Every structure is written in C-alpha cells, then in structure tokens.
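Notes follow the structure.
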Amino acid sequence: MESLSNKRKVLEAKPLTLMEKAYLPAIAKGMGITMKHFIKNVFGKGEVTIRYPEQKREFSENFRGMHSLKRDEEGRERCTACGLCALSCPAEAITMTAAERQAGEEHLYREEKYAAVYEINMLRCIFCGLCEEACPKEAIYLDGDIVPTDFVRKDFIYGKDKLVEAPLNQ
Amino acid sequence: MELSDIIVKVILIVVIFLISLVVAMYSTYAERKIAAFFQDRVGPNRAGPFGILQPMADGAKMFMKEEIIPNRASGLLFIVGPSLAIMTACIGSAVIPWGQSMQIGSKVIDLQVTDINVGILYIFGVVSLGVYGIMIGGWASNNKYSLLGAIRAASQNISYEISMGLSIIALLLISGTLSLKEIAEQQHGFWANGYFTWNFFKQPLGFLIFIVCAFAETNRSPFDLPECETELVGGYHTEYSSMKLGFYLFAEYINMFISSAVMATLYFGGYNYPGMDWVTAHVGPVIGPIIGVVALFIKIFAFIFFFMWVRWTIPRFRYDQLMNLGWRTLIPLAIANIVLTGVISYLLK
C-alpha cells in the first residue's frame, strides 16, 4: 500500500552478531546502569518517590477532588437548590431537597430557596466536573482533597455536614 | 568418637542451622531494600529503624494467615511438598567448610559438620532432591496449572543440573578431589608459586557456567520461571497459603545462601583470603580461623548481593529461550571447558 504520510519506517530484524549473541557484554552494561542507581540511592540522593503519610504531593491546578459547597463573601450558602448539578450529573450521584428561607435566616442562605438536604454519593461520582460547570451560582467546586476511605457503603453518601465550606469567621 | 566431639558437632550443626535461617530471613529484607535502591525507591522503613524488624512482621503475618488446603488435594503430600523443599535446602550446609581447623588447647575443632570425601556429589544429590519438593507440591495441589508449573520447574532444574555437573568436572580435573574441605585447602591464601590459587582464576569459564546454572537451580531471576507471574498463577505453589507458601519462599532464600557458600568455596577460595598465614601467625590459632569465617561470609554476602543485583537488571527468559540456553549453549560450552582444561593441564604437566 502506498504510504500517505511517508513517515513509515521499515524495521528489519538483523541477525545478531557474535558479540550480541554472547549476551554478556549487554548484561554487564545493564548491571552497570543498575549499580549506578544503587550507589546513588544508598546515599539517599536518587529516590523519586514521596514518603506518603509524612509528605504529600501537590496536586495540579485542575485536579478534581472532593466537592465543596461554597459560601459567599458574607458567609451565606450560595446554593439555591436549582438542581442543575443533579441534572448534569452523568452518574446521577447528586440529590437534593429544596426548602424556603424563613424570616431571620437571611444571614444563612443567599437566595429565597436553599438546599435543606444536599447529598452526593461518592461511590457513584466520577469526578467529571460537570456539576461545577452547570452551577449558575458558583456554589459547587471540586477543589478538595481525595475522598477518604471508609468501611461501609452508606458512609460514602456525603451530606451537607461534609460538603459545605466552613463558616468564614471561625 | 568422644563425647566432647559429639557436643562440638551438635553445637556446630545448631549454629549453622540458625545462621542459615537468620541469613535467609534477612535476605528477604535485604532483597526488598536492595530492590528499592535499584529502583529509586525507599523500601520497607516502617517496622523499627530502617524497617529492620520487617522480617519478624512478615513471619508473624505468615503464621497468622488462614491456611487453605484445596478440597480434593492429596492431604499428606500437600504437607510433604513444602517440608521437603525446606529440608533439602537446609541439609546442603552439612558439607561446607566454614573455616580452617580451630585449635583450642590440645583440641582441634573442624569448622565443618562433616568432611565426606564425596562432598560435591552430596551437594548435587541434595539439590536434585529439591526437585521433589516442587514436583510433589504441584502434584498434590490438584490443580492443573500448578502441575504444569511444577513440570516446568522440574524440567528446568534437571536441565541445568546437567551443565552444572559438567562445569564441576573441569574443576575436579584440576583439584583431583571431591571433598570440599580439600578443595578449599588447595586454594590456600591468594597467591602461591607464581599463580593465583583461587579456582576462579583457573576456571573462569567453568565459573561462568556454574553461576548461570546456580541461578537456574535456585529459581532466581532471570530463570524464575517456576513461579511465573506472567501467566497470572504462582506456578507450583498456586494453591499454597500461609506458612506453607512461606516455606517454599524461605527455601529459595536458604538455597541462595547455600549455593553462594558453595560457589565461594569452589571458585573463590572459601575461607581463604590474601595474607591469611601472616594474620593467623599474629592473632593465634583461635582468632585466625574466625577471621577466615568472616572472609567466607563476606564472599557469601557478595554473592547474595550479586543474585539480587542480577534480579533487578535482567528481564526473565522465555521458556524456550531458557531451554535453548541450557541444552544448546551451556552443555556444549561446559564440554568444551572440560576438553580445554584437560589439554592445558596435560601440557602443563
């Protein structure tokens, strides 16, 4: 077949020379390479791993971790329980129940409607970030850490107690 | 045999047994640590300083784990397999000379459990018994993949034993004895009468063949096909769990220790080191042999390190390549080495 890109490289399996067939020179070379690494690491200079529980690797800017429900600059919850995040969620991990803001609760919720119950099933969530994109109120961000492990499935359903940002002045 | 001799022998046996167990135990730790260093990692560092208690933790885990015996496995043979593996690994140490004879008062103590005049043959006999441990383990599991793994392991061990034996014959041509004690004695010191005394300098090709076969016999990488992870089963010990599996793995490390000791004795002068006569004359007939023992152990540890070094450098062979190397390269090479040694020693006479 005619090559379109002209980038094809024909590889031929050449028969090994006697030196290559003996293997030993190549093995000696390889052992030299590993020895270099060994000596470097004995003096503790070459390790590329991170000693995890003590040290943590910085995540990249666009890492998507655990969700958090944001507050506005006065410390009120931004979420207005519109349900767009739940609608956009391809894994159907988000559910919520809306409630009406009562008089005297203006310092708690920004809009007249708020999410009384807001739950994300972390076992279903695929961390696609579509909820973040869908939210018109900039209320939900996936800017947290890795979701911690747990033993029971029900403990992976995160309610508002785990999702809402800590109050401002605390 | 006097009673005191018997007591000395019993002490020697117990000490050698304990040493081989401890060395095998810490080989597992050393392997993990050395592997980490070769791969730019840290390795075990949780149990104790630098993870020095890791073997204890591993051992405790092995003993605590649930023991599973497959339903239709052959009950007795299933237990015999790992026992045989670890037993054959341990009894090889009986003929290795650990040091020169030690003189305490008028009493001369041999640092060797027994000096039989067929020492090398004994080692070979023990090593070939080790195949039974693998074969029985694979057979008794009642698992066709285990059986396949066992057959593969057995054929590998037997194939490489041939070239190993042939490489030894060339060594026997120049030493003229099968006793390991005498072979070690012949390599006295380091330099005598204008020659290097160590057999490595007289038999470099033989040593090369021997060490390759030793890798295959101990089932170490690059010849670790018996426990082939590429086929997603553990080979002959697929069905084994808890300490029975531990025995199989432990036997491998004891084998490594013993074969390192054999290689050091046969080719690298055993307990001999340069300038040993001068040292012995100055520190006396008790400390002198002990320094020899230390020299032997340094050689052994160097070989164990070499085993691990190779493991993290060379990728595993394919099975047909393994057989090819054994039958079509090493055996002709070993025979050529015998002829070469014969001709040279005839010309030199």
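Protein chains in written order, with my numbering: chain A, 1 to 170; chain B, 1001 to 1349.
Just so you know, even glycine gets a beta-carbon here, dropped at the ideal spot from N, CA and C.
As the structure is a prediction and not an experimental result, all values here were calculated from the model.
What are the boundary residues of the beta strand (DSSP E) that includes isoleucine 1104/B?
1102–1104
contact_flag[the region 137–145 of chain A, the region 78–91 of chain A] where n(CB pairs < 8 Å) is 3 or more
yes
Taking 9 Å as the CB-CB limit, is phenylalanine 156/A close to chain B?
no
Chain A residues whose Cβ lies nearer than 9 Å to that of aspartate 1040/B:
His37, Lys40, Asn41, Gly46, Glu47, Val48, Thr49
Between threonine 34/A and chain B, is the shortest Cβ-Cβ distance under 9 Å, so that the two count as touching?
yes
Taking only beta-carbon positions, decide if methionine 31/A is within less than 9 Å of chain B.
yes
Nearest chain B C-beta to isoleucine 140/A closer than 9 Å, yes or no?
no
Considering only residues of the same chain and omitting the five flanking positions on each side of threonine 1238/B, which have a CB-CB separation below 8 Å?
Ser1141, Asn1143, Tyr1145, Ser1146, Gly1149
Reduced DSSP category for arginine 8/A - H, G, I as helix; E, B as strand; rest coil
coil
For a cutoff of 9 Å on Cβ pairs, would you count phenylalanine 1301/B as touching chain A?
no
For leucine 1173/B and phenylalanine 1301/B, the rounded distance between their alpha carbons:
28 Å
Within 10 angstroms of its Cβ, does aspartate 1277/B collect 16 or more other Cβ (buried), or is it exposed?
exposed
Check whether the region 1206–1217 of chain B and the region 1151–1167 of chain B are in contact - that is, three or more C-beta pairs closer than 8 Å.
yes
Can you say whether phenylalanine 1223/B is buried or exposed, counting buried as having 16 or more other CB atoms within 10 angstroms of its CB?
buried
Taking C-beta to C-beta, are glycine 1133/B and isoleucine 1079/B nearer than 9 Å?
no
Do we get a CB-CB distance below 9 Å when we pair alanine 1036/B with the residues of chain A?
yes
Looking only at its own chain, which residues have a Cβ that is under 6 Å from the Cβ of isoleucine 126/A, when we skip the five neighbours before and after it?
Ala91
Is it buried or exposed, histidine 107/A, if we count other Cβ atoms within 10 angstroms and call 16 or more buried?
exposed
Of all Cβ atoms in chain A, is any one closer than 9 Å to the Cβ of valine 1310/B?
yes
Cross-strand partners of serine 68/A (DSSP beta bridge):
Tyr141/A
Between leucine 1171/B and asparagine 1045/B, what straight-line distance do the alpha-carbon atoms span, to the nearest angstrom?
44 Å
Taking C-beta pairs closer than 8 Å, name the residues in chain A that threonine 1313/B reaches, listed in chain order.
Ile27, Gly30, Met31, Ile33, Thr34
With a floor of 3 residues, list each beta strand (DSSP E) that falls wholly inside the region 1010–1037 of chain B, ordered by position along the chain.
none
Using a Cβ-Cβ cutoff of less than 6 Å, which residues in the same chain neighbour isoleucine 50/A once the five nearest sequence positions on both sides are dropped?
Arg57
State the Cα-Cα distance for the pair phenylalanine 1305/B and asparagine 41/A, rounded to the nearest angstrom.
15 Å
What are the boundary residues of the beta strand (DSSP E) that includes alanine 99/A?
94–100
Reduced DSSP category for tryptophan 1312/B - H, G, I as helix; E, B as strand; rest coil
coil
Assuming glutamate 119/A is part of the beta strand (DSSP E), what are its boundary residues?
113–121
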